[in-house]
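Q: I'd like to ask you about the structure that follows.
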Amino acid sequence: MEQLTPDLTMDILSRLPIRSLLRSRCVCKFWLTITSDQAFYKLHLINQSSTHDAIFISFHHYPSGWKNLYFVEQPKSGLPVFLKKIDISFITGFQEDISFITGFQEHFLVVLGVCKGLLCLSILPPLRHVGNSYLPTVLNPIPESRNLLNTISRPIYIMNPVTGEYHQPLNFQESLFSKNPTDVKYGFGFDDSMQVFKVVVFLGSAGVDVMNEMQVYTIGVGSNNTWRREVGNVPKVLFYSIQMTLDPFVNGCLHLIATTDRIISTDNRNIIVSFHLGSEEFEVIETPESIAVTQFKIARQSFTLGVVNDCLSFVDAAHIDLVDIWLRKKENETASWIKHFSLHKDLIAPIPFQRINLINYKKNGELLLQSPYGVVVYNVQGNTTSKFVEIGGFEEPHEVDDFIVIPFDGSLISMDILH
Numbered sequence: 001m002e003q004l005t006p007d008l009t010m011d012i013l014s015r016l017p018i019r020s021l022l023r024s025r026c027v028c029k030f031w032l033t034i035t036s037d038q039a040f041y042k043l044h045l046i047n048q049s050s051t052h053d054a055i056f057i058s059f060h061h062y063p064s065g066w067k068n069l070y071f072v073e074q075p076k077s078g079l080p081v082f083l084k085k086i087d088i089s090f091i092t093g094f095q096e097d098i099s100f101i102t103g104f105q106e107h108f109l110v111v112l113g114v115c116k117g118l119l120c121l122s123i124l125p126p127l128r129h130v131g132n133s134y135l136p137t138v139l140n141p142i143p144e145s146r147n148l149l150n151t152i153s154r155p156i157y158i159m160n161p162v163t164g165e166y167h168q169p170l171n172f173q174e175s176l177f178s179k180n181p182t183d184v185k186y187g188f189g190f191d192d193s194m195q196v197f198k199v200v201v202f203l204g205s206a207g208v209d210v211m212n213e214m215q216v217y218t219i220g221v222g223s224n225n226t227w228r229r230e231v232g233n234v235p236k237v238l239f240y241s242i243q244m245t246l247d248p249f250v251n252g253c254l255h256l257i258a259t260t261d262r263i264i265s266t267d268n269r270n271i272i273v274s275f276h277l278g279s280e281e282f283e284v285i286e287t288p289e290s291i292a293v294t295q296f297k298i299a300r301q302s303f304t305l306g307v308v309n310d311c312l313s314f315v316d317a318a319h320i321d322l323v324d325i326w327l328r329k330k331e332n333e334t335a336s337w338i339k340h341f342s343l344h345k346d347l348i349a350p351i352p353f354q355r356i357n358l359i360n361y362k363k364n365g366e367l368l369l370q371s372p373y374g375v376v377v378y379n380v381q382g383n384t385t386s387k388f389v390e391i392g393g394f395e396e397p398h399e400v401d402d403f404i405v406i407p408f409d410g411s412l413i414s415m416d417i418l419h
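Last residue of the sequence shown: 419 (full-length UniProt numbering), numbering continuous.
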């Protein structure tokens, strides 16, 4: 490759999967210089190949509540899965017991978002359903008297798990809150118009006359590293959801499944709330089908969002025997839902109303799915499944209470360019 131009060398290296790319940086100073360039970061993200499946798996341990974080990759069919535990000691202060941070014996590593190879993380205590407000419920309830501000004031961290670098903690300024919020939502993504990352926190109150508010933290060149407050433009419907995070991030927008009302009834229905990080405006997107919100058809149990080929995906697992997967595609400036797959549910999650997440759609036609029973590869043509990874191989099975799977495209973005 000595005869190649720098531009061609950069193009070739940018097509490598992240682990191969890391090894290539040790070959020579020239390659290290090329792969350290900011232009290379962008090119590598564009050229990331979906044939290299990479995910993060986070586990909840009972009763400690601590969640470990693992990077998992299976480059090609037949090759062994690569597994690495991510060092997040910068959050815990190099201590296993982090109760001194949260003030609780139970504490949870929460992934608030993922974008362009960066993770947005925090350590939060368990919350519960308070009054009519949906809060992230994990294990045991917290006392009614505990102020939600004690939770949302926890530091937020941005890290690149590939390089191990992390941004300085983002700390809330509690003096900004004029009212005590009863609900909170988080989001993390990239504003293409300003070329900056944004962390957003939406605060809501059950009071009719109380204005909801939004906190925005901008990370990137020219940002002032402070929280900016916007009051009154956050719709209450955003808080008619049990999701704690607006996820996924696709086409410049964060997304969340909510309902048109808090009351479970046939007059209520599921909707998708979209938040554009550039304009910082909200939009309501209808689901593929008008789905009434009944006891067995709520967003928590039956419906999930994802990203496939830069399109928003909607997984409907409310049927007894099928799992429908829809993609939202734009044609002539008009976006519409198209049903792409109807999968045999008994091959993925035999029990009705189980949550199923679409992680990835590979070029060979296979789907990577998460169900309560693990991570599976679904062959659409043959209607067969195989295990992508054995969950029991990570932790002691009796200690694992829950797990989440996070799609991930690794990058070499340096924290230095975010200051």
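Cβ atoms here follow ideal geometry from the backbone N, Cα and C, with glycine treated the same way.
Given the structure is predicted, the values throughout are model-derived calculations rather than measurements.
Relative to the alpha-carbon of Val162, which residue among Asp321, Ile88, Cys253 has its alpha-carbon at the smallest distance?
A: Answer by Cα proximity: Ile88.
Q: Per DSSP, Gly187 is paired with what?
A: Val200, per the DSSP bridge assignment.
Q: Helix, strand or coil for Ser223 per DSSP?
A: Coil, per DSSP.
Q: Can you confirm whether the segment 189-203 touches the segment 243-254 when touching is taken to mean that 3 or more C-beta pairs between the two stretches lie within less than 8 Å?
A: The segment 243-254, when compared against the segment 189-203, does touch it at the 8 Å Cβ threshold.
Q: Can you list, in chain order, the residues of its chain whose CB lies under 6 Å from that of Glu283, leaving out five sequence neighbours each side?
A: Ser274, listed in sequence order.
Q: How is the alpha helix (DSSP H) around Lys329 delimited, first residue to last?
A: Unbroken run through Lys329 is the beta strand (DSSP E), 322-331; no alpha helix (DSSP H).
Q: Tell me whether the beta-carbon of Gly410 lies closer than 8 Å to the beta-carbon of Gly117.
A: Yes, the pair counts as a contact, with Cβ atoms nearer than the cut-off.
Q: Is it true that the CB of Leu369 sits closer than 8 Å to the CB of Ile348?
A: Against a cut-off of 8 Å, the Cβ pair of Leu369 and Ile348 comes out as a contact.
Q: At what residues does the beta strand (DSSP E) containing Ala258 begin and finish?
A: Start and end: 253-259.
Q: What span of residues does the beta strand (DSSP E) with Ala318 cover, start to end?
A: Taken as a continuous stretch (DSSP letters only), Ala318 belongs to no beta strand (DSSP E), as it is neither H nor E.
Q: Throw me the rounded Cβ distance for the Thr35 and Leu13 pair, which I believe falls under 8 Å.
A: Their Cβ separation, rounded to whole angstroms, is 6 Å, which keeps Thr35 and Leu13 in contact under 8 Å.
Q: Helix, strand or coil for Phe40 per DSSP?
A: Correct three-state label for Phe40: helix.
Q: Just the C-alpha distance for Ile263 and Arg19, rounded to the nearest angstrom, thanks.
A: One C-alpha to the other measures close to 48 Å.
Q: Hey, Pro288 and Trp227 are a contact pair by Cβ (cut 8 Å); roughly how many whole angstroms apart?
A: Not a contact, Cβ separation roughly 36 Å.
Q: According to DSSP, is Ser414 helix, strand or coil?
A: Of the three classes helix, strand and coil, the one that applies to Ser414 here is coil, per DSSP.
Q: Assign Ile413 to one of two classes, buried (16 or more other C-beta atoms within 10 Å of its C-beta) or exposed (fewer than that).
A: With 16 or more other Cβ atoms within 10 Å, it is buried.
Q: Closest by CA to Glu286, which one among Arg25, Ile338, Gly232?
A: The candidate whose alpha carbon is nearest that of Glu286 is Ile338.
Q: Kindly indicate which residue of Phe40, Pro6, Asp7 has the alpha-carbon position closest to the one of Leu21.
A: Residue Phe40 is the option with its Cα nearest to Leu21.
Q: Please identify the residue among Lys85, Ile156, His276 whose C-alpha is closest to the C-alpha of Met194.
A: Out of Lys85, Ile156, His276, His276 has the C-alpha closest to the C-alpha of Met194.
Q: Can you give the Cα-Cα distance for Gln381 and Gly365, rounded to whole angstroms?
A: C-alpha separation (whole angstroms): 8 Å.
Q: Only counting the same chain, and skipping five residues up and downstream in sequence, which positions put a Cβ closer than 6 Å to that of Val110?
A: The answer, listed in chain order, is Ser122, Leu124.
Q: Which residues share a DSSP beta bridge with Ser24?
A: According to DSSP, which records beta bridges pairwise, Ser24 is partnered with nothing at all.
Q: What's the gap between the Cα of Asp416 and the Cα of Val216?
A: The straight-line gap from Cα to Cα measures roughly 21 Å.
Q: Which two residues bound the contiguous alpha helix (DSSP H) that contains Lys339?
A: Careful: Lys339 lies outside any alpha helix (DSSP H), inside the beta strand (DSSP E) at 334-344.
Q: Considering only their Cβ atoms, is the gap separating Ile404 from Ile55 smaller than 8 Å?
A: For Ile55 and Ile404, no; Cβs fall outside 8 Å.
Q: Tell me Arg355's beta-bridge partners as DSSP assigns them.
A: DSSP, once it has assigned bridges, lists no residue as partnering Arg355.
Q: Along the chain, where does the beta strand (DSSP E) that runs through Thr35 open and close?
A: From DSSP, Thr35 is part of no beta strand (DSSP E) but of the alpha helix (DSSP H) over 29-35.
Q: Compare the C-alpha of residue 477 against each of Ala335, Leu312, Glu333, Ser302 and name the closest.
A: Because residue 477 is not part of the residues shown, which for the chain are 1 to 419, the question remains open.
Q: On the three-state DSSP scale, how would you describe Met214?
A: Met214 falls in the strand class under three-state DSSP.
Q: Under three-state DSSP, which class holds Thr385?
A: Strand at Thr385.
Q: Drop a sphere of 10 angstroms on the beta-carbon of Lys29, count the other beta-carbons inside from all chains shown, and report buried for 16 or more, exposed for fewer.
A: Counting Cβ neighbours within 10 Å, Lys29 comes out exposed, since fewer than 16 surround it.
Q: Report the option in Asp316, Phe388, Phe408, Thr5 whose CA atom is closest to the CA atom of Ile257.
A: Out of Asp316, Phe388, Phe408, Thr5, Asp316 has the C-alpha closest to the C-alpha of Ile257.
Q: Check each candidate in Phe108, Asp310, His344, Asp346 and name the one with the smallest Cα separation from Val250.
A: Residue Asp310 is the option with its Cα nearest to Val250.
Q: Which residue comes first and which comes last in the alpha helix (DSSP H) that contains Ile12?
A: That run of the alpha helix (DSSP H) goes 6-13.
Q: Within a Cβ cutoff of 8 Å, which residues of the same chain sit near Cys120, ignoring the five residues on either side of it in sequence?
A: The residues are Val111, Leu112, Gly113, Val114, Ile156, Tyr157, Ile158, Tyr186, Phe188, Val199.
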